[in-house]
Amino acid sequence: MSDPERRALDQALSHAGTPIRRQLDPLGRAVATVEVIEAGVELTETFVLDFRGLSTATIDRRGLAFSTRAFDRAGRQILEDSADAGERRSLFDALGREILHWREHTEHRRTFDLAGRVTELRITDGASNWLAERTTYGEGQPGAIDRNQLGRVVRVEDAAGRAETLRYGAFGEPLETERTLTLTPGLDPDWSGAVPLEASAHRSISAFDALGRRARAWLPDGTFREEDYLRSGPMQSLRVTNSVTRTVLADADYGARGQELSITLGNGVEITNTYDAQTFRLYRRHAVDSGGSTYQDLRHHYDPVGNLIYLADLAQSPTATHVINGLTVDAHRAYSHDARYQLIEATGRVHRALTDPDFRGDVPTTGAFRGTRRLALNDGTKVARYRRTYTYDDAGNLSRWTHGPEGAGPGNSWTHDLWVSPTSNRSYPAKDLNGINIPNPEARFNARGHIVELPSVRAMDWSARDQLRRTLLIERATDPDDEELYDYAADETRLRKTTRRLVSGTVERTETLYLDGCELRRITQGSTVILERWSAHAEAEERLATIYFWDSDTLARETPDPAAVKTHFHLGTRQGSVSLELDASAQLLSYEEHFPYGRTAFVAGTAVTEVAFRTRRFVGKDQDDATGFYVFQYRYYAPFIGNWVSPDPAGEVDGPNRYAYARNNPTTLVDLDGLQVGPSGTQDQPGVGEWLDFEDHVVVGRRPQTASPSDAGPDTGSSNGLADSQGAAGDAPSSPESSQPFPPPPDFAVDPGPSPQGEDPSLPASPPLHVLNSDEAVADSLPPPRAAGEAEAPRARPRPQRATAAEVPAWFWNQPPAVSARDILRGDPEIDRPPAAPSTVTIGILGADGDVTLREFRVADDA
42 MSDPERRALD QALSHAGTPI RRQLDPLGRA VATVEVIEAG VELTETFVLD
92 FRGLSTATID RRGLAFSTRA FDRAGRQILE DSADAGERRS LFDALGREIL
142 HWREHTEHRR TFDLAGRVTE LRITDGASNW LAERTTYGEG QPGAIDRNQL
192 GRVVRVEDAA GRAETLRYGA FGEPLETERT LTLTPGLDPD WSGAVPLEAS
242 AHRSISAFDA LGRRARAWLP DGTFREEDYL RSGPMQSLRV TNSVTRTVLA
292 DADYGARGQE LSITLGNGVE ITNTYDAQTF RLYRRHAVDS GGSTYQDLRH
342 HYDPVGNLIY LADLAQSPTA THVINGLTVD AHRAYSHDAR YQLIEATGRV
392 HRALTDPDFR GDVPTTGAFR GTRRLALNDG TKVARYRRTY TYDDAGNLSR
442 WTHGPEGAGP GNSWTHDLWV SPTSNRSYPA KDLNGINIPN PEARFNARGH
492 IVELPSVRAM DWSARDQLRR TLLIERATDP DDEELYDYAA DETRLRKTTR
542 RLVSGTVERT ETLYLDGCEL RRITQGSTVI LERWSAHAEA EERLATIYFW
592 DSDTLARETP DPAAVKTHFH LGTRQGSVSL ELDASAQLLS YEEHFPYGRT
642 AFVAGTAVTE VAFRTRRFVG KDQDDATGFY VFQYRYYAPF IGNWVSPDPA
692 GEVDGPNRYA YARNNPTTLV DLDGLQVGPS GTQDQPGVGE WLDFEDHVVV
742 GRRPQTASPS DAGPDTGSSN GLADSQGAAG DAPSSPESSQ PFPPPPDFAV
792 DPGPSPQGED PSLPASPPLH VLNSDEAVAD SLPPPRAAGE AEAPRARPRP
842 QRATAAEVPA WFWNQPPAVS ARDILRGDPE IDRPPAAPST VTIGILGADG
892 DVTLREFRVA DDA
C-alpha cells in the first residue's frame, strides 16, 4: 500500500464514530440534524415545521434562528427573512406565477401575456421606476413564420442592451442571434423610452446537427467554427478559421460512463485520463506531446468518501526539465479534513517571497504580479513549500488561516483573521492592509448582505437586481476617479466590463465585451483607440485554447505585430483550473498553481507579455485584476477572504451558510456558477446530474451548451520558454495543408425569404427545411463511401468577414452535419459506432398526408 493510500485510510480512521443523526418528529419528518464532531462534541441544526411539513424557520449550529419563512395556503413561500440576505416578500397570481416581489426598498413587478409568458419586468427603487426588461415574441413580427419565430423569443431588452434571435431552426435552435449594447455602461436603461445603443451589433450565425448540437458557427469575432461529435454525444474535433484554419481539438475518446479518456489538442499534445476501476474517480491525468515530452503527470488519491487528500505531479519533480527548471522541492499537495469534511490543512508549493498583501490590485506591493509573485521558467529555486491551516466556527464560517513554510524550509509566515458576524454568516477581513483592526465590519454590508467596500476596494455599488454594477478603486477630490463598471444580460451573464483610470492626466478606458464564444478588448485614450484585440475561445467540456488576434495596437502594449495571431492551449486540473498554457508548437508559455481557496501560489513564465494574457485561472473562471474577484455567472468570489461577496441567490441549496465557498471543501468540490457545488472536474462526472436553476427550474441531465435565445454571450526544444517562441509572426497553421488554396464548395440556390424587418435583403437567407416524402429513394441518393484509408477532402474556408456586415454564403447552411444519417447508414469509419454494424436500418418517413411510414433499407456489405 502506497503512502498516500495509507494517509487516506488513516484520515478516515481518525473520524470513526462521528456519524450524522437525523431526529424525526412523530409524523416521521426530519426536525433536526445532529453532527458528531468528536466524542462528546455535537452540533445540531434544527428545523421548525408547520402542520403541512413546510420549514418555517431554521436554527443553525450556533443556536441562531437566522432564517424564517411564511407560506400561503397553496404552500408557496411568500416571505423569507434571512440573517444573511435580508427580507424578501412575494405575491403570486391565481396561476401560481410570481408577479411581485419586494426586497428592502425595491419592488419587482412582472407582466405576462395571455400565453403566460413574461413580457416585462418593471422595477421601483425608492422614487425611481423603470422598465428594466422587455421580452418580445414572434407573433406579429414580419417574416416570423419563415424564420420559425412563432411562439419563441425574438427580442430581449435588458440592462446590457438588446438581444435578438433573428432565425430559429425547426426544433428551436437559435440559428442567428444579435447583441447590441447600450451606449453608456454601468447604468440601468429604461426601456419604456428610447435607449441609446451602440451603432454596431454583434452577430452569431450557427448551424446544428440533427441532435441539436452546434456543428458550424460564424461568431462575432469573424471566426468560423466547425465542430464534429461522436455518436455518443461529446465533441470529437474542433476547427477554428480566421485567416487560416487551426485545429484546436484533433480527437477525443470517451468511455462507456461518459468520462473523458483522452483528447488530442491541435498542437499535438495528448491528454490521457485514467480512472479507478472500482470508484471511477480520476486517478491519473497525463499530458505528453508528440515528441514524448511530459507536461503533466498528475496522480490523485482520495479517502473512502471521495475527498481529495493527495495530489502529485511527477512531471515537476526536481529532476524533470520540461516545465520548470531548477526545482529543489517536490510537486505534491496534501490535504486534511475534519469530521465535517471541511479542509483544515494544506501543503504545497509557493513562491518563497509571497506576502499576504500581494493580492492588492490598486497599489500592489513591490515585486507582486497580478495578485501573486512571478518567476522565470528556468528559476525553480524560488519555489518553496508551504503549510496552511484553516479554522472554522460551528456554523462553517472560515475565521482564520495561517500560512508558513513547511518544516524548516524558506518562506514568509502570516495569519489572516476574519471577523464573523454574531447574528449571521457575514464575514470580513479583521484588519486593513496596514494591519490595523477594522472598526464596525457589520457596516461594510448592505441590508441584502452584499459587501459594499473592502480594504482593497474603496466602494462597491449594487443594482436593484443584486448585481455588482460599479467598484471604486481610487477616489479623487477633483480629478476623475478610477473605477470599474459592469453590465449584465437577462440571464445574469456579464457582458461588458469597463475600466476607467487616470493615466498621465488622461482618462484611459479599457472595455471588455464578453460575446458568443469570444471577447473584444478595446483601450481608448480620450477618443483615440490605441488597442483592439479579439480573443476567440475554443471550448468543449472545458476551454481548450484561446486564439488572440489584433485589429490595432499602436503602442505595442501586447504585440509588436498586430497582424500576428497567437494561440494559447490550456492544460487544466481536475477542478478545471488552468495550470499550463502552451503555444501552437507545444512550447510552454506559462504555469500557475493555486492555494485551495483560489489565490495564486505562484505563476511561472519568462515572457511577461505571455503571462499577462492569463485571465481564466482558478476553476476555469476569469479573474478581474482590479478587484481580484473571480467572475462566476451569478456571483463574485474573493479568494483573498475565501468567501463570496454576496449571499447565495438560490437560497440554502448548499446549506444554511450562504457565503461559504464549496462547503469549505474547495479541493474536492467546485461551484460551477455561484449557485450550487458539484463534483470537482469534468473527468469525474461528465456533466450529467441534477442542477439547480434558481429561477424555479430544476434541470436533470447535461447542462445545455448552446447559446440562450436571449443572449449571444456571458470559457519544445529546451521546453523552458526562455524566449517568446511565437515572436512577431504568431502561430503557424495547424497543418501544412490548412493554408493551401482550394476552390470553395458549390453554392446552392436558396430562397432568402423575408427579412426580420421585412425589407433588409442583406441578411443571410434561411436554410431550406427539407422533409422526406415516401417517393424519395433515400439510400440510393447517398454519395459513395470513402475507400478504406482515404482521407476526407479538405474544405477551403475563405477568410470570414465580421458577421455583422457580411452575407453568409449559401454553402454554410447546406454542408452536411458533423454526424449525418448518411454517415450512419454507410458505416463511416470516422464515426464511433458499435463493433458490429446492422445489416438493415429502419427510417420513419413523413408522407404528404402527415402519416409516418416505417421503411427498411439494406446497408451495403462494403459500407
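When we follow this note's numbering, the leftmost residue of the sequence shown carries the number 42, and every step to the right adds one.
A virtual CB, placed ideally from N, CA and C, is assigned to each residue, including glycine.
No experiment lies behind these values; they were computed from the predicted model shown.
According to DSSP, what are the bridge partners of Val281? In the sequence shown, counting from the first residue as 1, residue 281 sits at position 240. Arg266 and Arg287.
Check Arg298 in the structure and name its three-state DSSP category. As a position in the sequence shown, residue 298 is number 257, starting the count at 1. Arg298: coil per DSSP, three-state reduction.
Is it the case that the Cβ atoms of Asp294 and Leu306 are separated by a distance below 7 angstroms? On the sequence shown, position 253 is the one that residue 294 refers to. On the sequence shown, position 265 is the one that residue 306 refers to. Cβ atoms of Asp294 and Leu306: not closer than 7 angstroms.
Please list, in chain order, all residues of the same chain as Gln383 whose beta carbon is under 8 angstroms from its beta carbon, the five residues on each side excluded. Looking up residue 383 in the sequence shown gives position 342. Tyr431, Tyr433, Gly437, Arg704, Asn705 and Asn706, listed in sequence order.
Smallest Cα separation from Cys559: which of Thr539, Arg428, Thr547 and His578? Reading the sequence shown from its first residue, position 518 is the one you call residue 559. Closest by alpha carbon: His578.
Using a 10 Å radius around the Cβ and a threshold of 16 neighbouring Cβ atoms, would you call Leu54 buried or exposed? Looking up residue 54 in the sequence shown gives position 13. Under this definition Leu54 is an exposed residue.
Within 10 angstroms of its Cβ, does Asp292 collect 16 or more other Cβ (buried), or is it exposed? Counting from 1 along the sequence shown, the entry for residue 292 is found at position 251. Asp292 is exposed by the Cβ-count criterion.
State whether the region 383 to 393 contacts the region 463 to 478, with contact taken as three or more CB pairs (one from each stretch) at a distance under 8 angstroms. These segments do not touch.
Opening and closing residue of the alpha helix (DSSP H) in which Pro45 lies: Walking along the sequence shown from the start, residue 45 turns up at place 4. Run containing Pro45: Asp44 to Ser55, per the alpha helix (DSSP H) assignment.
Distance check for Gln277 and Leu271, CA to CA, integer angstroms please. Residue 271 sits at position 230 when you count from the first residue of the sequence shown. Residue 277 sits at position 236 when you count from the first residue of the sequence shown. Approximately 6 angstroms between the Cα atoms of the pair.
Return the chain-ordered list of same chain residues with a C-beta closer than 6 angstroms to the C-beta of Ala844, the five sequence neighbours on each side being excluded. Position 803 of the sequence shown, counted from the start, is the residue given in the question as residue 844. Bear in mind that the predicted position of Ala844 carries a pLDDT of just 39, short of 50, making it unreliable; the figure below should be weighed with that in mind. Cβ within range, chain order: Arg244, Ile246 and Trp259.
My assumption, with CB atoms under 8 angstroms, is that Glu516 sits in contact with Thr540. Please give the rounded CB distance. For the purposes of this step, residue 516 is taken as residue 475 along the sequence shown, with counting starting at 1. For the purposes of this step, residue 540 is taken as residue 499 along the sequence shown, with counting starting at 1. Contact check for Glu516 and Thr540: beta-carbon distance about 15 angstroms, past the 8 angstroms limit, so the pair fails to qualify.
According to DSSP, is Gly58 part of a helix, a strand, or is it coil? Indexing the sequence shown from 1 puts residue 58 at position 17. In the structure shown, Gly58 sits in coil (DSSP, three-state: anything other than H, G, I, E or B).
Nearest to Ile140 by alpha carbon, out of His635, Ser131 and Thr147? As a first step, residue 140 must be located in the sequence shown, where it is residue number 99. The shortest Cα separation from Ile140 among His635, Ser131 and Thr147 belongs to Ser131.
Among the candidates Arg655, Ala691 and Pro637, whose CA atom is the shortest distance from the CA of Ile682? Here residue 682 refers to the residue found at position 641 when the sequence shown is read from its first residue. Closest option to Ile682, Cα to Cα, is Pro637.
Starting from the C-beta of His635, find all residues in its chain whose C-beta is less than 7 angstroms away, skip the five residues before and the five after it, and write them out in chain order. The residue labelled residue 635 in the question sits at position 594 within the sequence shown. Within the same chain, and ignoring the five residues on either side of His635 in sequence, the residues whose Cβ sits closer than 7 angstroms to its Cβ are Ser618, Thr641, Ala642 and Phe659.
Which one of Phe654, Leu228, Leu136 and Trp503 has the shortest CA to CA distance from Tyr589? The residue given as residue 589 occupies position 548 in the sequence shown. Ranking the options by Cα distance to Tyr589, first place goes to Phe654.
Verify whether the separation of the beta carbon atoms of Leu536 and Tyr555 is less than 7 angstroms. The sequence position of residue 536 within the sequence shown is 495, counting from 1. The sequence position of residue 555 within the sequence shown is 514, counting from 1. Yes, they are a contact pair.
Sheet register partners of Arg517 (DSSP bridge): Residue numbering aside, residue 517 sits at position 476 when the sequence shown is read from its first letter. For Arg517, which the question treats as bridged, DSSP gives no partner whatsoever.
Can you give me the start and stop residues for the beta strand (DSSP E) that Val77 sits inside? In the sequence shown, the residue the question calls residue 77 occupies position 36. Val77 -> beta strand (DSSP E) spans Ala71 to Glu79.
Let me know if Phe88 comes out buried or exposed under the rule of 16 or more other beta-carbons within 10 Å of its beta-carbon. Residue numbering aside, residue 88 sits at position 47 when the sequence shown is read from its first letter. Counting Cβ neighbours within 10 Å, Phe88 comes out buried, since at least 16 surround it.
With 16 other CB atoms within 10 Å as the buried threshold, where does Pro463 fall? Along the sequence shown, one-based indexing puts residue 463 at 422. So Pro463 counts as exposed.
Verify whether the separation of the beta carbon atoms of Ser687 and His491 is less than 7 angstroms. Counting from 1 along the sequence shown, the entry for residue 687 is found at position 646. Counting from 1 along the sequence shown, the entry for residue 491 is found at position 450. Contact flag set, yes.
How should His444 be labelled, buried or exposed, when 16 other C-beta atoms within 10 angstroms of its C-beta is the threshold for buried? Counting from 1 along the sequence shown, the entry for residue 444 is found at position 403. Result: buried.
Could you check which residue in Gly546, Asn481 and Ala173 has the C-alpha nearest to that of Asp199? Here residue 199 is taken as the residue at index 158 of the sequence shown, counted from 1. Residue Ala173 holds the alpha-carbon nearest to the alpha-carbon of Asp199 among Gly546, Asn481 and Ala173.
Give the secondary structure of Asp166 by DSSP, where H, G and I count as helix, E and B as strand, and everything else as coil. As a first step, residue 166 must be located in the sequence shown, where it is residue number 125. Strand at Asp166.
So, at 8 angstroms on beta carbons, what are the nonlocal neighbours of Arg485 in its own chain, with the 5 sequence-adjacent residues on each side left out? Counted from its first residue, the sequence shown places residue 485 at position 444. So the list reads Tyr469, Ile479, Ile492, Val493, Glu494 and Leu495, once near-sequence residues are dropped.
Buried/exposed call for Phe673, threshold 16 Cβ in 10 Å: As a first step, residue 673 must be located in the sequence shown, where it is residue number 632. Label assigned to Phe673: buried.
For Asn189 and Pro795, the rounded distance between their alpha carbons: Stepping through the sequence shown from its first residue, residue 795 is reached at position 754. Stepping through the sequence shown from its first residue, residue 189 is reached at position 148. With a pLDDT of 38 at Pro795, under the threshold of 50, the modelled position of this residue cannot be trusted, and the question is left open.
In chain order, what residues of the same chain have a beta carbon less than 6 angstroms from the beta carbon of Thr59, not counting five sequence neighbours either side? Position 18 of the sequence shown, counted from the first residue, corresponds to residue 59. Result list for Thr59: Val77 and Ala380, in chain order.
CA nearest to the CA of Phe92, picked from Val82, Arg114, Glu79 and Leu155: Taking the first residue of the sequence shown as 1, we reach residue 92 at position 51. Out of Val82, Arg114, Glu79 and Leu155, Arg114 has the C-alpha closest to the C-alpha of Phe92.
Roughly how many angstroms separate the alpha carbons of Glu311 and Phe249, rounded to a whole number? Taking the first residue of the sequence shown as position 1, residue 311 is located at position 270. Taking the first residue of the sequence shown as position 1, residue 249 is located at position 208. Cα to Cα, Glu311 sits roughly 28 angstroms from Phe249.
Under a Cβ-count criterion, where at least 16 other Cβ atoms within 10 Å of its own Cβ denotes burial, should Phe610 be classed as buried or exposed? Position 569 of the sequence shown, counting from 1, holds the residue named residue 610. Counting Cβ neighbours within 10 Å, Phe610 comes out buried, since at least 16 surround it.
Alpha carbon of Glu219 to alpha carbon of Val195, nearest angstrom: Within the sequence shown, residue 219 is the residue found at index 178, counting from 1. Within the sequence shown, residue 195 is the residue found at index 154, counting from 1. Cα to Cα, Glu219 sits roughly 10 angstroms from Val195.
How big is the Cα-Cα spacing for Thr85 and Val75? Taking the sequence shown and counting its residues from 1, the one referred to as residue 85 is at position 44. Taking the sequence shown and counting its residues from 1, the one referred to as residue 75 is at position 34. Computed Cα separation, rounded: 4 angstroms.
Runs of beta strand (DSSP E) wholly within the region 352 to 437 (minimum 3 residues, chain order): Fully enclosed beta strand (DSSP E) runs of 3 or longer: 373 to 378, 384 to 392, 413 to 416 and 424 to 433.
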